[in-house]
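Q:
Numbering (our numbering), first residue to last: 1 to 296.
#1: What are the residues that DSSP puts in a beta bridge with residue 111?
#2: Beta carbon of residue 198, beta carbon of residue 130: below 9 Å?
#3: From the DSSP output, in three-state form, read off residue 327 for me.
#4: Let me know the secondary structure DSSP gives residue 16 once reduced to three states.
#5: From residue 170 to residue 59, what does the alpha carbon distance come to, in whole angstroms?
#6: By how many angstroms is the C-alpha of residue 187 removed from the C-alpha of residue 147?
#7: Would you kindly work out how many angstroms separate the C-alpha atoms of residue 139 and residue 211, rounded to a whole number?
#8: Which residues does DSSP list as the beta-bridge partners of residue 53?
#9: So, are the CB atoms of residue 219 and residue 182 less than 9 Å apart?
#10: Around the Cβ of residue 248, are there at least 16 other Cβ atoms within 10 angstroms (buried) or fewer (exposed)?
#11: Go to residue 132, then tell me how far its beta strand (DSSP E) extends in each direction, as first and last residue.
#12: Near residue 34, which residues of its chain fall below 6 Å by C-beta distance, leaving aside the five closest residues on each side in sequence?
#13: What do you reckon, are the CB atoms on residue 86 and residue 54 nearer than 9 Å?
#14: Relative to the C-alpha of residue 94, which candidate in 81, 80, 52 has its C-alpha closest?
#15: Suppose contacts are defined by Cβ-Cβ distances below 9 Å. Is residue 117 in contact with residue 37 by that definition?
#16: When the Cβ atoms of the segment 65-73 are set against those of the segment 101-109, are three or more pairs found closer than 8 Å?
#17: Exposed or buried, which one is residue 204 when buried takes at least 16 other CB atoms within 10 Å?
#18: So, is residue 57 buried or exposed, given that buried needs 16 or more other C-beta atoms within 10 angstroms?
#19: Can you check DSSP and say which residues form a bridge with residue 70?
#20: Assuming residue 69 and residue 100 form a contact by the criterion Cβ under 8 Å, report the distance between their Cβ atoms to the nearest whole angstrom.
#21: Please state whether DSSP places residue 253 in a helix, a strand or coil.
#22: In whole angstroms, what is the alpha-carbon distance linking residue 143 and residue 76?
#23: Nearest CA to the CA of residue 214: which residue from 165, 136, 47, 200?
#24: If you run the structure through DSSP and keep just helix, strand and coil, what is residue 59?
#25: Looking only at its chain, what residues have a beta carbon closer than 6 Å to the beta carbon of residue 40, apart from the 5 residues adjacent to it on each side?
#26: What residues in its chain sit with their C-beta under 8 Å from that of residue 43, if we drop five residues either side in the sequence?
#27: First and last residue of the beta strand (DSSP E) that includes residue 206?
#28: With DSSP as the reference, identify every bridge partner of residue 144, one or two as the case may be.
Shown next as structure tokens:
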């Protein structure tokens with residue numbers, strides 16, 4: 001709900017009572033949604049890079065205001081006029097002066113909305129990069145715990161942060177100031193990704209070192225992959241057997257229906273039987289037939 005100004009008159013019978021003229025208090029008027037603030041492409045920006053801050057209000061909002069925290073008080077950075085649901089504020093370049101804690105609000109009708117939640121913009125590259133390693137290897141199974149070590153060989157930090165694109169940034173404090181351990185787990189498939197770490201000082205929380213070299217973590221369910229491979233092998237073998245059966249069937253249907261040579265030995269010699277019957281017909285039957293014809 002939006003604040004408004006009300007004049008309060010303080011009257012009383014007590015000797016300590018005073019007349020309060022023109023005193024302003026904060027009252028609530030309306031029922032405006034709280035704006036949503038975000039940064040793209042990320043809230044962690046390299047030195048001299050640029051970032052776009054989005055402030056989402058309502059379609060009836062005609063004025064947006066971006067504010068930064070300085071000396072425990074939010075101060076105006078920029079205003080944007082025009083009816084729109086989302087206002088865009090571009091900060092370029094990012095340096096020690098533009099890194100910090102931001103919030104936004106919008107004006108609708110005659111009142112301001114409540115401020116958004118805070119958005120922390122961090123600039124990186126102010127110090128040399130730390131070193132990131134892991135003692136569990138680059139491949140993990142679901143349910144395991146993974147430990148990352150972020151260390152600095154030369155620069156002494158009292159804060160370290162572990163970051164992954166699309167995931168939350170984890171920060172740790174360690175008295176040694178040269179190394180810190182980050183334990184993740186139990187992990188699942190969503191923990192897969194590319195990790196980097198940063199070093200910084202608690203007195204300057206928005207100024208970080210350059211990112212460490214990236215380290216990729218792969219969380220994989222090898223049991224499921226083994227079953228998948230076995231299924232593909234079974235399907236391949238079944239396909240080969242089917243092809244062999246089809247080939248045999250095609251050969252039986254399309255091939256010549258002649259007996260094999262070894263099978264011909266068991267068959268009667270049809271050619272000799274035919275020649276014998278022909279001889280009997282020529283030398284036996286024919287003369288008798290001729291004699292009958294001559295006698296008649």
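Cβ atoms here follow ideal geometry from the backbone N, Cα and C, with glycine treated the same way.
All values derive from a computational prediction rather than experimental measurement.
A: Let's see:
#1: Start at 1 with the first residue of the chain shown, and residue 111 comes out as number 111. Answer by DSSP bridge pairing, in chain order: 108.
#2: Taking the chain shown and counting its residues from 1, the one referred to as residue 198 is at position 198. Taking the chain shown and counting its residues from 1, the one referred to as residue 130 is at position 130. Contact flag set, yes.
#3: Residue 327 lies beyond the range of the chain shown here (1 to 296); nothing can be said about it.
#4: In the chain shown, the residue the question calls residue 16 occupies position 16. Bear in mind that the predicted position of residue 16 carries a pLDDT of just 38, short of 50, making it unreliable; the figure below should be weighed with that in mind. Residue 16 falls in the coil class under three-state DSSP.
#5: Taking the first residue of the chain shown as position 1, residue 170 is located at position 170. Taking the first residue of the chain shown as position 1, residue 59 is located at position 59. Taking the straight line joining both Cα atoms gives about 36 Å.
#6: Working through the chain shown from its first residue, we reach residue 147 at position 147. Working through the chain shown from its first residue, we reach residue 187 at position 187. Whole-angstrom Cα-Cα distance: 11 Å.
#7: Here residue 139 is taken as the residue at index 139 of the chain shown, counted from 1. Here residue 211 is taken as the residue at index 211 of the chain shown, counted from 1. Between residue 139 and residue 211, the C-alpha separation is close to 22 Å.
#8: To locate residue 53, count along the chain shown from 1; it is residue 53. Note: residue 53 sits in a beta bridge opposite 39, 89.
#9: By 1-based counting over the chain shown, the position of residue 219 is 219. By 1-based counting over the chain shown, the position of residue 182 is 182. Not a contact, by the Cβ cut-off of 9 Å.
#10: The sequence position of residue 248 within the chain shown is 248, counting from 1. By the 10 Å Cβ count, residue 248 comes out exposed.
#11: Along the chain shown, one-based indexing puts residue 132 at 132. It spans 131-134 - the beta strand (DSSP E) in which residue 132 sits, taken as one unbroken run.
#12: Here residue 34 refers to the residue found at position 34 of the chain shown. Answer for residue 34: 114, listed in chain order.
#13: As a working note, residue 86 is residue 86 in the chain shown. As a working note, residue 54 is residue 54 in the chain shown. Closer than 9 Å, so yes.
#14: Within the chain shown, the letter at position 94 stands for residue 94. Closest by alpha carbon: 52.
#15: For the purposes of this step, residue 117 is taken as the residue at position 117 of the chain shown. For the purposes of this step, residue 37 is taken as the residue at position 37 of the chain shown. In contact: residue 117 and residue 37 (Cβ atoms closer than 9 Å).
#16: yes
#17: Counting from one through the chain shown, the residue named residue 204 turns up at place 204. When all chains shown are included, residue 204 counts as exposed.
#18: Walking along the chain shown from the start, residue 57 turns up at place 57. So residue 57 ends up on the buried side.
#19: The residue you call residue 70 lines up with position 70 of the chain shown. DSSP lists 73 as partners of residue 70.
#20: Within the chain shown, the letter at position 69 stands for residue 69. Within the chain shown, the letter at position 100 stands for residue 100. Yes, residue 69 and residue 100 are in contact; Cβ-Cβ is about 6 Å, under 8 Å.
#21: Along the chain shown, read from residue 1 onward, the residue named residue 253 stands at position 253. In this structure, residue 253 counts as helix in the three-state DSSP scheme.
#22: Position 143 of the chain shown holds residue 143. Position 76 of the chain shown holds residue 76. Their Cα atoms are separated by approximately 47 Å.
#23: Counting from 1 along the chain shown, the entry for residue 214 is found at position 214. Nearest C-alpha to residue 214: 165.
#24: Your numbering for residue 59 matches position 59 in the chain shown. Three-state DSSP puts residue 59 in coil, outside helix and strand.
#25: Within the chain shown, residue 40 is the residue found at index 40, counting from 1. So the qualifying residues of the chain are 52.
#26: Here residue 43 corresponds to residue number 43 of the chain shown, with the count starting at 1. 51, 119, 120, 121, 122, listed in sequence order.
#27: Here residue 206 refers to the residue found at position 206 of the chain shown. Note, residue 206: beta strand (DSSP E), 204-208.
#28: Numbered from its first residue, the chain shown carries residue 144 at position 144. In the DSSP output, where bridge partners are listed per residue, residue 144 has none listed.
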